[in-house]
Every structure is written in structure tokens, then in C-alpha cells.
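Trainee:
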Amino acid sequence: MPMKNQPLSGNAMPRFGGIASMMRLPVVSSAQGLDVAFIGIPLDTGTSHRPGARFGPRQIRAESSLLRPYNMATGAAPFDALQVADLGDVPINTYSLTKSLPIITDFYDEVLASDCIPLTLGGDHTIALPILRAMAAKHGPVALVHVDAHADVNEDMFGESIAHGTPFRRAVEENLLVCDKVFQIGLRGTGYASDDFDWPRSQGFTIVPAHEVWYQSLAPFMAQVRERIGNTPCYLSFDIDGIDPAYAGGTGTPEIGGLTVPQALEIVRGCRGLNIVGADLVEVSPPYDPSGNTALLGANLLFEMLCVLPGVLIR
126 MPMKNQPLSG NAMPRFGGIA SMMRLPVVSS AQGLDVAFIG IPLDTGTSHR
176 PGARFGPRQI RAESSLLRPY NMATGAAPFD ALQVADLGDV PINTYSLTKS
226 LPIITDFYDE VLASDCIPLT LGGDHTIALP ILRAMAAKHG PVALVHVDAH
276 ADVNEDMFGE SIAHGTPFRR AVEENLLVCD KVFQIGLRGT GYASDDFDWP
326 RSQGFTIVPA HEVWYQSLAP FMAQVRERIG NTPCYLSFDI DGIDPAYAGG
376 TGTPEIGGLT VPQALEIVRG CRGLNIVGAD LVEVSPPYDP SGNTALLGAN
426 LLFEMLCVLP GVLIR
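Residues 126 to 440 (the numbering used here) make up the sequence shown, in order.
(1) May I ask you to report which of helix, strand or coil DSSP gives G213?
(2) If you run the structure through DSSP and keep just helix, strand and coil, what is A318?
(3) Would you mind working out which of A424, G403, R294, G382 sits nearest L390, comparing C-alpha positions?
(4) Answer yes or no: do G383 and D369 have a C-beta to C-beta separation smaller than 8 Å?
(5) Just verifying my parser: in three-state terms, what is the DSSP assignment at I368?
(6) When you compare the region 128-140 with the region 171-188, are there three or more beta-carbon pairs, one atom per stretch, that lie closer than 8 Å?
(7) Give me the Cβ distance between T199 and C432, rounded to the nearest whole Å; I'm assuming they're in contact under 8 Å.
(8) What's the gap between the Cα of I144 and the Cα of E285?
(9) Return the residue from the list L150, A162, N136 that minimises the CA-CA distance to D405.
(10) State the Cα-Cα distance for the pair P478 and R258, rounded to the nearest angstrom.
(11) On the three-state DSSP scale, how would you describe Y220?
(12) For a minimum of 4 consecutive residues, which ranges assigned as the alpha helix (DSSP H) are wholly contained in the region 383-440?
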């Protein structure tokens with residue numbers, strides 16, 4: 126059996142050296158032969174307030190040099206079973222959001238045609254819509270675990286139907302989701318009316334506001350999520366602003382009172398056993414966190430997503 130790709134060891138090359146690929150994996154130009162691909166989408170044209178998420182993929186990759194291939198907490202050894210590489214970035218149109226969406230969908234259609242699971246480095250949350258279009262074309266409507274401070278189900282933003290606050294409204298309208306198997310976790314903040322979250326509930330979504338799970342473990346809830354979703358193909362979309370800005374301040378629309386890092390880990394680790402067909406980590410805006418801690422957290426969460434994919438060995 127040919128050797129699987131392994132992250133470049135810090136004992137073979139200093140962690141501040143070498144090419145800044147995701148986890149210092151090989152950079153490839155095709156998904157053929159891969160089980161999993163890390164993909165960057167450097168797009169923040171859909172951002173409504175603080176920009177900078179276009180730099181997220183590059184900074185997440187740089188911070189990922191600190192990661193090692195074995196998950197000490199869960200025993201997951203993803204690189205022993207899966208062929209993983211960095212597929213680089215989608216060449217979006219930085220001047221046109223509407224032109225960028227089909228570019229993204231076409232890119233992911235090719236990845237999925239190779240039976241490769243994409244793990245995406247965002248980019249703002251607009252990117253979830255073109256990715257879900259590719260997912261539904263491959264798998265049919267999918268279940269969704271969505272971690273976020275915001276439901277992202279606006280009818281429009283400044284009259285525009287495509288923006289980072291609208292992707293899941295469009296996804297419902299386009300029949301991309303199995304709505305009674307959609308879970309939105311960590312929602313919070315101020316709003317415009319008391320019924321801001323009523324629309325997703327009316328579609329069958331399960332809403333978990335952040336304040337309802339303060340000081341609680343989310344492991345029991347994730348057991349309910351697994352039971353509800355079953356073997357339905359499932360997409361995991363993780364907005365870094367779902368986590369409290371005390372831990373992840375480098376994002377465009379921070380909201381106080383969010384999830385803790387341990388809760389975030391419980392959510393991702395709780396997805397083990399689901400039929401995960403893709404995942405993303407979005408809205409890291411490096412200019413708002415010069416320390417790099419937000420991007421480092423994003424890199425770790427992407428590794429945790431890799432560790433819960435089908436076929437990963439537990440040592």
C-alpha cells in the first residue's frame with residue numbers, strides 16, 4: 126500500500142520554514158487520488174462590516190504549522206487512513222460576487238467528482254451557498270450542522286440577495302438542505318425584532334441560542350444531533366464568530382456571550398459518526414487579530430474536522 130501524505134515534521138524542517146501549506150502537507154493541482162482536500166476561498170466581497178476574511182486562508186495555513194498529525198485527545202490518526210493534501214485556493218473574481226459563485230461551484234463539482242471530501246478555509250460565509258450547490262448536485266439535499274453567532278437567513282442585504290448574511294435562506298429556497306436536519310448552534314447578539322430567528326424555526330431548523338448553553342457541555346446535545354441526522358449526508362459549516370470574541374476576536378462581526386473553545390471542540394468531535402461530506406471554517410479576519418490566535422484556533426478546528434471524517438482510524 127503506498128504511503129499516505131504526512132504533514133512535514135517540525136524535526137525535519139523548522140516550523141517557521143518551508144512552504145506554508147495547510148499542516149505543511151503537499152500542495153497539489155488535482156483532487157484525483159485524494160480522500161480529503163484542504164481548499165482556500167479568499168473571498169470577503171460579501172462582508173457587511175469589517176473586511177479581511179480574504180486573508181483568512183493564508184493566515185490559517187501559516188498558523189497550522191504548529192499542528193501535529195495525531196489527535197492526543199481523541200486518538201484520531203487521520204493521515205494513517207486518508208490521503209490528504211492542500212489543493213490551493215479557488216481563483217475567485219475579486220471584483221464580482223455574483224461571478225465568483227459559479228467559479229466556486231464549478232471548482233467543487235470537480236473535487237466531488239473525484240470522491241474527495243473538501244475542507245474549506247474561508248473567506249466570508251457567502252461561500253457556503255456555492256459549496257452547498259455542489260454538495261446537493263452530488264448527494265442531494267444535505268443535513269447541516271451550522272455554528273455561528275448569526276442565522277445568515279436574511280431575505281436580502283441592501284437589496285442584494287447574495288451576501289454573507291443570506292446563504293442559508295437561498296439554500297432553503299434552492300432545496301439544498303434537509304430542513305428538519307439542520308442545527309444552528311451559538312446564535313446570539315442584538316437584532317431588529319423579536320422574531321429574527323422565527324424564519325429558520327418555521328423551516329424546521331433546530332435553533333440553539335448561545336445563552337441557552339452557557340456553562341453546559343454540548344456532548345449530550347450532539348448525541349441528539351447524531352440520532353436525528355443518522356446517515357444522511359451532512360455538511361458542517363463553522364463561522365469562527367460562533368465562538369466568543371474573547372477567544373476569537375479576529376472576525377468581521379463579533380458578538381459577545383458566545384461559545385467557549387471547549388464547547389466548539391465538543392461540537393466538532395460530536396460529529397464523529399455522521400456521514401460528513403464536507404466542512405468549512407469561515408470568517409477569520411487576520412487584520413483584527415495581529416496575534417494570530419483566531420487563525421490558530423481556525424486551523425485547529427479544521428484539523429478536528431479532518432479527525433471526525435468517515436474512515437479515520439482511532440489509535
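For glycine and all other residues, C-beta sits at the position ideal for the given N, C-alpha and C.
Mentor: Straight from the coordinates:
(1) Residue numbering aside, residue 213 sits at position 88 when the sequence shown is read from its first letter. In this structure, G213 counts as strand in the three-state DSSP scheme.
(2) The count along the sequence shown starts at 1 and reaches residue 318 at position 193. Of the three classes helix, strand and coil, the one that applies to A318 here is coil, per DSSP.
(3) On the sequence shown, residue 390 is found 265 positions in, with the first residue counted as 1. Here the closest residue by C-alpha is A424.
(4) One-based indexing of the sequence shown puts residue 383 at position 258. One-based indexing of the sequence shown puts residue 369 at position 244. Yes, the Cβ-Cβ distance between G383 and D369 is below 8 Å.
(5) By one-based count along the sequence shown, residue 368 stands at place 243. Note: I368 maps to strand in three-state DSSP.
(6) Between the region 128-140 and the region 171-188, the count of C-beta pairs closer than 8 Å stays below three; the two stretches do not touch.
(7) Here residue 199 corresponds to residue number 74 of the sequence shown, with the count starting at 1. Here residue 432 corresponds to residue number 307 of the sequence shown, with the count starting at 1. Yes, T199 and C432 are in contact; Cβ-Cβ is about 6 Å, under 8 Å.
(8) Numbered from 1 along the sequence shown, position 19 holds the residue referred to as residue 144. Numbered from 1 along the sequence shown, position 160 holds the residue referred to as residue 285. Each residue's Cα considered, the two are about 39 Å apart.
(9) Stepping through the sequence shown from its first residue, residue 405 is reached at position 280. Taking D405 as reference, the option from L150, A162, N136 with the minimal CA-CA separation is A162.
(10) The requested residue 478 does not occur in the structure, where the chain is confined to residues 126 to 440.
(11) By one-based count along the sequence shown, residue 220 stands at place 95. Y220 falls in the coil class under three-state DSSP.
(12) 386-394, 418-432
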